[in-house]
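S.K.: Got a structure for you, written out below as structure tokens; questions coming shortly.
Number of protein chains: 2
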Amino acid sequence: MTESSQEPPQAPQAPPELAISEQVAVYQREFPNVDPQVETIVSTLSRLSRRMTVAYGRHLNDLGISSADWEVLKALIVAGAPYRLGPGELAKRIGLTPAAMTHRVDRMATAGLVTRSRDESNRVRVNIELTELGREKWLESMRMAAVFEESLLQDATPEERSELAGALGRMLRRVEDSQPDAQGRTDDLAPDDSER
Amino acid sequence: MTESSQEPPQAPQAPPELAISEQVAVYQREFPNVDPQVETIVSTLSRLSRRMTVAYGRHLNDLGISSADWEVLKALIVAGAPYRLGPGELAKRIGLTPAAMTHRVDRMATAGLVTRSRDESNRVRVNIELTELGREKWLESMRMAAVFEESLLQDATPEERSELAGALGRMLRRVEDSQPDAQGRTDDLAPDDSER
DNA sequence: CCTGAAGACTTTACTAGTGTAGTCTTTCGT
DNA sequence: ACGAAAGACTACACTAGTAAAGTCTTCAGG
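Residue numbers (the working numbering), protein chains in the order written: chain Z, 1 to 196; chain D, 197 to 392.
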């Protein structure tokens, strides 16, 4: 029984997929202006990221939490001890409306990942606080991720890793330059998968 | 008027985001076992992919199509001339149920991106065929993407590009090895953003 | 002390997209 | 010709989100 208890609704089956080189060939056939090398990099990056998202999703599924839950756990962890923020602040950091955060917190409180309580000193405010369970789930997700990520990079020497980090970092800078107003500006189209 | 006509509902505002190095520092603080170099690579990759998805989403928004639409256009393009597939086959290739595909095709036919017609020789079957408009939209999306992608890699020499493609390709192979049954197995958790 | 305004969260109504199950139409074997 | 199978569509339910209205607490001013 590697199956987890709660299955989210699922796509019907595995779509057979073209190899990257085949896909680039298709693009060249249908759109001759394409640069094969650039397209190979971009397609590989895209598929890699997607597969990683799927892998993380499995890990989280095994832990019994959703990626939406994980996103909230992460925000609380990033906030640091005592791992406590208000719903509004959480919503702002994650890029959701407060109303959506209310629902998420409902689910997560029921699952025991966080507690919701009114602030002592100002009873208008509400505190969302990570429970020990929530923190443990996050830590466990990190343990699983660390193993997984190391396995992805097992071929790479420290020098190669360093070059890879540099190359990706330069690409990221270029993207951010091209999205001026967008320090994480998630408008226009939701990216949908939460960042690690 | 750079604004597109049809605005999808949107997240309320830009969440302020940590720099990658800050985020890695947080992970080290909260989970000491983390390898900073690995985490830097993975976080950069993740954020880069997300930003790219946002950028593509803007391009598509300017074209007046959704990423779900684009996914269908791509499948028809990949199928090659005469750019025609049945709903069931499309659903299989994209990883959707036939019912969901019916709705997508409804929208896209209304928008003039595809046509739906019964097959002449076998009147149970339905053919979804790319219109000239649909093909032109896809080509335009590729033109925009090509400019954008070249700008991302403007720093990289051909050698660096080649190394990057190699490194990402090796990582992708490792992921696929770790997801044995998963030739694009989209189960368990939907990746949500369509691959380029 | 009471009243009214502002702030923070919640509730309600609605939208978009998808899965499940059932229905309809056409085809094909007997 | 008839019955069964296949393919697509329809009806319904569910999830997760936004937007806007509502509720409750706090605090300032008369």
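Ideal placement from N, C-alpha and C gives every residue a C-beta, glycine not left out.
Taking the straight line between their C-alpha atoms, what separation do you get for residue 22 (chain Z) and residue 280 (chain D)?
M.R.: If you number the first sequence from 1, residue 22 (chain Z) lands on position 22. If you number the second sequence from 1, residue 280 (chain D) lands on position 84. The alpha-carbon atoms of residue 22 (chain Z) and residue 280 (chain D) are separated by roughly 19 Å.
S.K.: With a threshold of 16 other CB atoms inside 10 Å of the CB of residue 24 (chain Z), please say whether the residue is buried or exposed.
M.R.: Position 24 of the first sequence, counted from the first residue, corresponds to residue 24 (chain Z). Under this definition residue 24 (chain Z) is a buried residue.
S.K.: Verify the CB distance criterion: does residue 343 (chain D) have a CB-CB separation below 7 Å to chain Z?
M.R.: Your numbering for residue 343 (chain D) matches position 147 in the second sequence. Closer than 7 Å: no.
S.K.: At a CB-CB cut-off below 7 Å, which residues of chain D make contact with residue 38 (chain Z)?
M.R.: Within the first sequence, numbered from 1, the residue matching residue 38 (chain Z) stands at position 38. Correct list: 345, 346, 349.
S.K.: Counting Cβ pairs, one atom from each stretch, are 3 or more of them under 8 Å apart for the segment 359-368 of chain D and the segment 41-59 of chain Z?
M.R.: Flag = yes, the segment 359-368 of chain D and the segment 41-59 of chain Z touch.
S.K.: Mind listing the chain D neighbours of residue 28 (chain Z)? Cutoff is C-beta to C-beta under 7 Å, in chain order.
M.R.: For this step, residue 28 (chain Z) is matched to residue 28 along the first sequence. Within 7 Å Cβ-Cβ: nothing; residue 28 (chain Z) doesn't reach chain D, min ~11 Å.
S.K.: Any beta carbon from chain D within less than 7 Å of residue 285 (chain Z)'s own beta carbon?
M.R.: Nothing about residue 285 (chain Z) can be reported from this structure: the residues present for chain Z run from 1 to 196 only.
S.K.: Note down the Cα distance separating residue 142 (chain D) from residue 335 (chain D), rounded to an integer number of angstroms.
M.R.: Lying before the first or after the last residue shown, residue 142 (chain D) is absent from chain D, which here runs from 197 to 392.
S.K.: What residues are listed by DSSP as bridge partners for residue 115 (chain Z)?
M.R.: On the first sequence, position 115 is the one that residue 115 (chain Z) refers to. Bridge partners of residue 115 (chain Z): Z:129.
S.K.: Could you list which residues in chain Z have their beta carbon closer than 9 Å to that of residue 338 (chain D), in chain order?
M.R.: For the purposes of this step, residue 338 (chain D) is taken as the residue at position 142 of the second sequence. The contacting residues are 27, 30, 31, 33, 34.
S.K.: Please classify residue 196 (chain Z) as buried or exposed, where buried requires at least 16 other C-beta atoms within 10 Å of its C-beta.
M.R.: For this step, residue 196 (chain Z) is matched to residue 196 along the first sequence. By the neighbour-count rule (16 or more Cβ atoms within 10 Å), residue 196 (chain Z) is buried.
S.K.: Which residues, taken in chain order from the segment 98-118 of chain Z, show a beta carbon closer than 7 Å to some beta carbon of chain D?
M.R.: Correct list: empty, as no residue qualifies.
S.K.: Three-state secondary structure (DSSP) at residue 153 (chain Z)?
M.R.: For the purposes of this step, residue 153 (chain Z) is identified with residue 153 of the first sequence, where counting begins at 1. It is coil, neither helix nor strand.
S.K.: With a threshold of 16 other CB atoms inside 10 Å of the CB of residue 122 (chain Z), please say whether the residue is buried or exposed.
M.R.: Counting from 1 along the first sequence, the entry for residue 122 (chain Z) is found at position 122. Exposed, since its Cβ has fewer than 16 Cβ neighbours within 10 Å.
S.K.: Can you grab the Cα-Cα spacing for the pair residue 1 (chain Z) / residue 62 (chain Z), in whole Å?
M.R.: Within the first sequence, the letter at position 1 stands for residue 1 (chain Z). Within the first sequence, the letter at position 62 stands for residue 62 (chain Z). Model confidence at residue 1 (chain Z) stands at a pLDDT of 34, short of 50, so the residue's coordinates are unreliable; what they give is reported in the following sentence. Computed Cα separation, rounded: 11 Å.
S.K.: With burial defined as no fewer than 16 other Cβ atoms inside 10 Å of the residue's Cβ, what is the status of residue 194 (chain Z): buried or exposed?
M.R.: As a first step, residue 194 (chain Z) is located in the first sequence; it is residue number 194 there, counting from the start. Flag for residue 194 (chain Z) reads buried.
S.K.: Along chain Z, in chain order, which residues have C-beta atoms closer than 7 Å to that of residue 240 (chain D)?
M.R.: Residue 240 (chain D) sits at position 44 when you count from the first residue of the second sequence. Here the neighbours are 165, 168, 169, 172.
S.K.: Tell me, please, whether the CB atom of residue 89 (chain Z) is closer than 7 Å to any CB atom in chain D?
M.R.: If you number the first sequence from 1, residue 89 (chain Z) lands on position 89. By this cut-off, residue 89 (chain Z) is not an interface position.
S.K.: Can you tell me whether DSSP reads residue 85 (chain Z) as helix, strand or coil?
M.R.: Numbered from 1 along the first sequence, position 85 holds the residue referred to as residue 85 (chain Z). In the structure shown, residue 85 (chain Z) sits in a strand (DSSP, three-state: E or B).
S.K.: Would you check whether the ligand NAP has a heavy atom nearer than 6 Å to the C-beta of residue 90 (chain Z)?
M.R.: Ligands are entirely absent from the displayed structure, and the ligand NAP is therefore not among its contents.
S.K.: Exposed or buried, which one is residue 82 (chain Z) when buried takes at least 16 other CB atoms within 10 Å?
M.R.: Translated into positions along the first sequence, residue 82 (chain Z) becomes position 82. Looking at its Cβ environment, which holds fewer than 16 other Cβ atoms inside 10 Å, residue 82 (chain Z) is exposed.
S.K.: Thinking C-alpha only, which one of D:337, D:293, D:286 is nearest residue 312 (chain D)?
M.R.: Taking the first residue of the second sequence as 1, we reach residue 312 (chain D) at position 116. Ranking the options by Cα distance to residue 312 (chain D), first place goes to D:286.
S.K.: What does residue 259 (chain D) reach in chain Z if we use C-beta pairs closer than 8 Å?
M.R.: One-based indexing of the second sequence puts residue 259 (chain D) at position 63. By Cβ distance, chain Z contributes nothing, its closest Cβ being about 12 Å from residue 259 (chain D), past 8 Å.
S.K.: For residue 350 (chain D), which of Z:178, Z:20, Z:144 has the nearest alpha-carbon?
M.R.: Position 154 of the second sequence, counted from the start, is the residue given in the question as residue 350 (chain D). Comparing Cα-Cα distances from residue 350 (chain D) to each of Z:178, Z:20, Z:144, the minimum goes to Z:178.
S.K.: State the start and end residues of the unbroken alpha helix (DSSP H) segment that holds residue 374 (chain D).
M.R.: Position 178 of the second sequence, counting from 1, holds the residue named residue 374 (chain D). Its alpha helix (DSSP H) spans residues 354-374.
S.K.: At the 7 Å Cβ level, is residue 77 (chain Z) part of the contact set with chain D, yes or no?
M.R.: Position 77 of the first sequence, counted from the start, is the residue given in the question as residue 77 (chain Z). Taking Cβ atoms only, chain D reaches closer than 7 Å to residue 77 (chain Z), which makes this a yes.
S.K.: With C-beta atoms as the reference, is residue 118 (chain Z) less than 7 Å away from residue 126 (chain Z)?
M.R.: The count along the first sequence starts at 1 and reaches residue 118 (chain Z) at position 118. The count along the first sequence starts at 1 and reaches residue 126 (chain Z) at position 126. Their beta carbons are under 7 Å apart, which means residue 118 (chain Z) touches residue 126 (chain Z) by this criterion.
S.K.: Quick check: is the beta carbon of residue 126 (chain Z) nearer than 7 Å to any beta carbon in chain D?
M.R.: For the purposes of this step, residue 126 (chain Z) is identified with residue 126 of the first sequence, where counting begins at 1. With 7 Å as the cut-off, residue 126 (chain Z) does not count as an interface residue toward chain D.
S.K.: Can you tell me the Cβ-Cβ gap for residue 338 (chain D) and residue 31 (chain Z), rounded? I've got them flagged as a contact below 8 Å.
M.R.: As a first step, residue 338 (chain D) is located in the second sequence; it is residue number 142 there, counting from the start. As a first step, residue 31 (chain Z) is located in the first sequence; it is residue number 31 there, counting from the start. Confirmed, Cβ separation roughly 5 Å.
S.K.: Near residue 255 (chain D), what residues of its chain come up, given a Cβ to Cβ distance below 8 Å and the 5 sequence neighbours on each side ignored?
M.R.: For the purposes of this step, residue 255 (chain D) is taken as the residue at position 59 of the second sequence. Excluding positions up to five away in sequence, the list reads 337, 340, 341, 344.
S.K.: Is the Cβ of residue 188 (chain Z) closer than 7 Å to any Cβ of chain D?
M.R.: Against the first sequence, residue 188 (chain Z) aligns to sequence position 188. Legend: pLDDT at residue 188 (chain Z) = 38, less than 50; position of this residue unreliable, no value from coordinates given.
S.K.: Roughly how many angstroms separate the alpha carbons of residue 34 (chain Z) and residue 46 (chain Z), rounded to a whole number?
M.R.: Taking the first residue of the first sequence as position 1, residue 34 (chain Z) is located at position 34. Taking the first residue of the first sequence as position 1, residue 46 (chain Z) is located at position 46. One C-alpha to the other measures close to 17 Å.
S.K.: Hey, out of D:251, D:372, D:329, D:364, whose CA is closest to residue 156 (chain Z)'s CA?
M.R.: For the purposes of this step, residue 156 (chain Z) is taken as residue 156 along the first sequence, with counting starting at 1. Checking every option, the nearest Cα to that of residue 156 (chain Z) belongs to D:364.
S.K.: Would you say residue 84 (chain Z) lies against chain D (beta-carbon separation less than 7 Å)?
M.R.: The sequence position of residue 84 (chain Z) within the first sequence is 84, counting from 1. With 7 Å as the cut-off, residue 84 (chain Z) does not count as an interface residue toward chain D.
S.K.: Of the residues D:320, D:303, D:348, D:316, which one's Cα is nearest the Cα of residue 284 (chain D)?
M.R.: Translated into positions along the second sequence, residue 284 (chain D) becomes position 88. For the residues D:320, D:303, D:348, D:316, the minimum Cα distance to residue 284 (chain D) belongs to D:320.
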